[in-house]
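Residue numbers (the numbering used here), protein chains in the order written: chain A, 40 to 257; chain B, 117 to 489. The structure appears right after this line, and notes come after that.
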């Protein structure tokens with residue numbers, strides 16, 4: 040092949056296609072392919088984000104619907120929470136007011152129901168004492184410290200005219216107090232003392248039951 | 117320009133000769149140390165009467181069908197311009213630096229070119245440059261003709277890579293043949309090459325005998341005849357003659373196919389291009405005048421031999437030229453010299469004519485296709 044002698048081109052080279060060389064291809068890749076790939080990647084990420092957003096929006100709508108459905112219950116719960124807080128505040132007041140006191144009514148009721156007819160109640164005295172007791176420290180529960188704790192003592196005086204039947208009735212009263220669901224769990228010791236005396240010019244035996252309750256550990 | 121040639125050398129271009137009634141196409145391929153025809157074809161353009169749009173459509177269809185029949189897959193084409201809207205003129209200036217040549221050419225073109233500068237495209241080529249003178253030629257063509265050609269080619273699915281001039285394409289083909297034959301002859305024996313054309317060295321080959329024989333080729337196309345001559349300095353002389361030929365053939369086609377240009381059958385239209393002998397006296401007279409003018413303008417030149425090619429280059433017309441011009445006139449088939457075995461597709465087939473004989477009409481397309489070489 041040889042070159043032609045006359046090389047006139049009335050298109051002035053406009054019609055000649057661009058040369059395809061490795062450098063040109065690489066340059067074309069740089070200016071066309073790379074931005075195209077970046078665009079495709081960005082579009083892919085964008086579309087992926089759109090899908091994620093659509094899914095999460097749908098879930099958010101479902102949750103909003105559920106929240107609307109539970110709104111009444113939530114309001115009710117909040118009201119109950121407020122009442123609970125109010126009740127707790129009242130209870131703390133009650134606790135502060137009842138600190139150091141014991142409810143004796145059930146014990147008296149039990150005592151009245153279980154006192155034998157052969158005995159006459161002559162004395163009923165409740166007293167609160169304090170004793171030194173080793174209790175767990177507040178800041179370190181594993182360590183015991185000496186502290187003053189309240190201890191209740193109940194003195195019950197009864198008398199009977201017949202010595203034998205009265206002694207039997209006192210013993211039963213002592214057992215029933217130990218087995219009492221209201222008195223038994225809080226009792227620590229019961230000691231009984233007796234003394235003879237005249238009651239309406241008649242011989243009678245006076246018994247005193249000294250009940251010591253377990254210390255109330257705060 | 118070097119980078120342009122570098123690229124085109126690696127691209128197989130189609131030489132596309134779009135004539136008045138026929139489209140011809142040639143594609144070369146590399147051969148052992150030379151070239152050979154790879155694909156060649158001739159496709160008739162269906163008649164369109166006086167409807168330019170219909171003619172355009174038929175031309176596009178002919179190009180597309182020709183490419184399909186020939187099996188040409190390349191998309192790059194070289195087209196040649198001819199006719200009154202193309203001007204080729206030589207110039208010779210006192211020695212000029214390279215950067216001043218373009219301005220000098222433009223000044224000369226502005227004085228003698230018949231086209232307005234804003235309506236035409238100019239290109240030039242320096243053929244020789246010495247300490248005393250700078251010689252070459254310029255080519256101008258109207259933008260409308262260039263654009264019309266580009267649009268035709270583009271509509272046919274091709275890309276117009278180059279736009280050349282048919283006369284220059286003929287000279288390129290002749291130059292190529294002379295160079296090849298000279299190299300063959302030098303390999304076998306010393307002495308001038310036997311054929312074709314002149315026994316003188318190739319044009320532009322260096323110092324010459326002042327009274328040298330100029331390679332001259334005449335292409336008889338459908339629309340006009342093109343005479344192309346190269347002088348000792350390699351400057352081309354190109355003229356398109358006998359524009360009336362187109363009218364003659366169009367009138368003949370209209371007579372055979374009807375005034376509206378519709379053919380009754382393909383055979384009727386084939387008969388239109390049955391290569392009738394056209395002893396056109398006015399054309400011969402124009403040719404003789406042109407040759408006399410050229411010799412008169414270039415006193416040291418002589419024209420002893422004329423090679424005739426083209427679709428109308430019949431033996432009868434060649435004999436007429438030989439008689440009237442009183443020089444040696446030969447019918448030139450450049451493709452036959454190229455080995456004669458190349459496949460040439462004719463559509464429709466031309467009865468009574470060998471396919472290889474059609475190589476004469478493919479000279480312009482072959483010359484255009486050389487631009488890739």
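Glycine included, C-beta positions come from ideal geometry on N, C-alpha and C. Quantities reported herein were computed from a predicted structural model and do not represent experimental measurements.
Proximity test, Cβ basis, 7 Å: residue i and chain B
i: residue 44/A; result: yes
i: residue 263/A; result: Here chain A has residues from 40 to 257 only, and residue 263/A is not among them.
i: residue 55/A; result: yes
i: residue 63/A; result: no
i: residue 50/A; result: yes
Residue i in three-state terms, based on DSSP
i: residue 139/A; result: coil
i: residue 173/A; result: strand
i: residue 196/B; result: strand
i: residue 240/B; result: strand
i: residue 249/B; result: strand
i: residue 189/A; result: strand
i: residue 72/A; result: helix
i: residue 236/A; result: strand
i: residue 189/B; result: coil
i: residue 132/A; result: helix
i: residue 49/A; result: coil
i: residue 362/B; result: Low per-residue confidence applies at residue 362/B: pLDDT is 49, beneath 50, and the placement is therefore not dependable enough to give any value.
i: residue 421/B; result: strand
i: residue 492/B; result: In the structure as shown, chain B starts at 117 and stops at 489, and residue 492/B therefore has no counterpart that could be examined.
i: residue 62/A; result: helix
i: residue 405/B; result: helix
i: residue 32/A; result: Given that chain A is displayed from residue 40 to residue 257, the structure contains no residue 32/A and the question cannot be resolved.
Chain A within 7 Å of residue i, Cβ atoms only
i: residue 276/B; result: yes
i: residue 486/B; result: yes
i: residue 291/B; result: yes
i: residue 297/B; result: no
i: residue 239/B; result: yes
i: residue 345/B; result: no
i: residue 228/B; result: no
i: residue 482/B; result: no
i: residue 280/B; result: yes
i: residue 203/B; result: no
i: residue 354/B; result: no
i: residue 382/B; result: Only weak support is given to the placement of residue 382/B: the predicted model assigns it a pLDDT of 35, under 50, and the question is left unresolved by the model.
Paired residues, beta bridge with residue i - DSSP
i: residue 353/B; result: 345/B
i: residue 280/B; result: 196/B
i: residue 448/B; result: Looking at the DSSP assignment, residue 448/B forms no beta bridge with any residue, so it has no partner.
i: residue 206/B; result: 253/B
i: residue 258/A; result: With chain A covering 40 to 257 only, the question about residue 258/A has no answer from this structure.
i: residue 332/B; result: 345/B
i: residue 141/B; result: 132/B and 157/B
i: residue 152/B; result: 145/B
i: residue 183/A; result: 175/A
i: residue 275/B; result: 192/B
i: residue 166/B; result: Bridge partners of residue 166/B: none, in fact.
i: residue 243/A; result: 236/A
i: residue 168/A; result: 190/A
i: residue 258/B; result: 236/B
Contacting residues, own chain, Cβ-Cβ under 6 Å from residue i (five flanking each side not counted)
i: residue 425/B; result: 335, 448, 476 and 479
i: residue 164/A; result: 194
i: residue 162/A; result: 196
i: residue 307/B; result: In this prediction, residue 307/B scores a pLDDT of 43, lower than 50, which makes its location untrustworthy; the coordinate-derived value is nonetheless stated afterwards. Counting only Cβ-Cβ distances below 6 Å, and skipping sequence neighbours, we find nothing.
i: residue 483/B; result: 285, 286, 288 and 289
i: residue 216/A; result: 222
i: residue 191/B; result: 274 and 275
Residues near residue i in its chain [Cβ-Cβ closer than 7 Å; skip 5 each side]
i: residue 399/B; result: 341, 357, 358 and 361
i: residue 406/B; result: 343, 355 and 357
i: residue 266/A; result: Because chain A is modelled from 40 through 257, residue 266/A falls outside the range shown and cannot be assessed.
i: residue 233/A; result: 244, 245 and 246
i: residue 271/B; result: 176
i: residue 241/A; result: 200
i: residue 414/B; result: 347
i: residue 171/B; result: 164
Own chain residues within Cβ distance below 8 Å of residue i, not counting five before or after
i: residue 255/A; result: 188, 189, 190 and 191
Residue i CB to nearest heavy atom of the ligand ATP below 6 Å
i: residue 214/A; result: Ligands are entirely absent from the displayed structure, and the ligand ATP is therefore not among its contents.
Evaluate contact between the stretch 277 to 284 of chain B and the stretch 194 to 205 of chain B, counting only Cβ atoms and requiring at least three cross-stretch pairs below 8 Å.
Yes: the two stretches touch, three or more of their Cβ pairs being nearer than 8 Å.
Count the CB pairs spanning the stretch 248 to 261 of chain B and the stretch 210 to 228 of chain B that are closer than 8 Å, and state whether there are at least three.
Output reads yes: the stretch 210 to 228 of chain B touches the stretch 248 to 261 of chain B.
Give a yes or no on contact between the stretch 202 to 218 of chain B and the stretch 348 to 356 of chain B, applying the rule of three or more CB pairs nearer than 8 Å.
Here the stretch 202 to 218 of chain B lies against the stretch 348 to 356 of chain B, with 3 or more beta-carbon pairs under 8 Å apart.
State whether the stretch 212 to 224 of chain A contacts the stretch 152 to 161 of chain A, with contact taken as three or more CB pairs (one from each stretch) at a distance under 8 Å.
Contact holds: three or more Cβ-Cβ distances are below 8 Å.
Evaluate contact between the stretch 44 to 55 of chain A and the stretch 253 to 268 of chain B, counting only Cβ atoms and requiring at least three cross-stretch pairs below 8 Å.
Judged by Cβ distances under 8 Å, the stretch 44 to 55 of chain A makes contact with the stretch 253 to 268 of chain B, as three or more pairs qualify.
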